[in-house]
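Chemist: Before I ask anything, here is the structure I am working with.
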Amino acid sequence: MNILIWIVFGGLAGWVATVLTGNDSQFGIIGNIIIGVIGSYIGGWLSSKLFHGPPVVGFDIRSFIIAVLGSIVLLWVLNILF
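For reference, each letter of the sequence shown is one residue, going 1 to 82 in our numbering.
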């Protein structure tokens, strides 16, 4: 059940990030999930390094915003590379 929650959470975060960056039609559902899950990891890592706060755990609005911001960073890097 936990992996299903991560997939849904990552899919939502990835979708919001692609809509905000204008890349919505490029990746599809699977791409949004992958971008969201990897972006969640990137956002959590950056958040812990920049703010020296507690690690991001659980599913709340704070973790969703951090996941979306991490996904935006990932999309920014992908746009630079490709």
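The C-beta atom is built at its ideal place from N, Cα and C for all residues, glycine as well.
This one's a predicted model, so the numbers in the text were calculated from it and none came from an experiment.
Using a Cβ-Cβ cutoff of less than 7 Å, which residues in the same chain neighbour Phe27 once the five nearest sequence positions on both sides are dropped?
Modeler: Answer for Phe27: Thr18, Ile35, listed in chain order.
Chemist: Contact check, Gly44 vs Ile66 under 8 Å by CB: the rounded distance?
Modeler: Confirmed, about 6 Å.
Chemist: Pick out whichever of His52, Asn23, Phe9, Val8 has its Cα sitting closest to the Cα of Ile72.
Modeler: Closest by alpha carbon: Asn23.
Chemist: How would you write the range of the alpha helix (DSSP H) that Asn23 sits in, first residue to last?
Modeler: Asn23 -> no alpha helix (DSSP H), and no H or E assigned at all.
Chemist: Please return the same chain residues whose Cβ sits closer than 8 Å to the Cβ of Phe59, not counting the five positions on each side in sequence.
Modeler: Excluding sequence neighbours, Phe59 sits near Ile5, Phe9.
Chemist: When you compare the CB positions of Gly39 and Gly11, do they come within less than 8 Å of one another, or not?
Modeler: It is not a contact, given that the beta carbons lie outside the stated cut-off.
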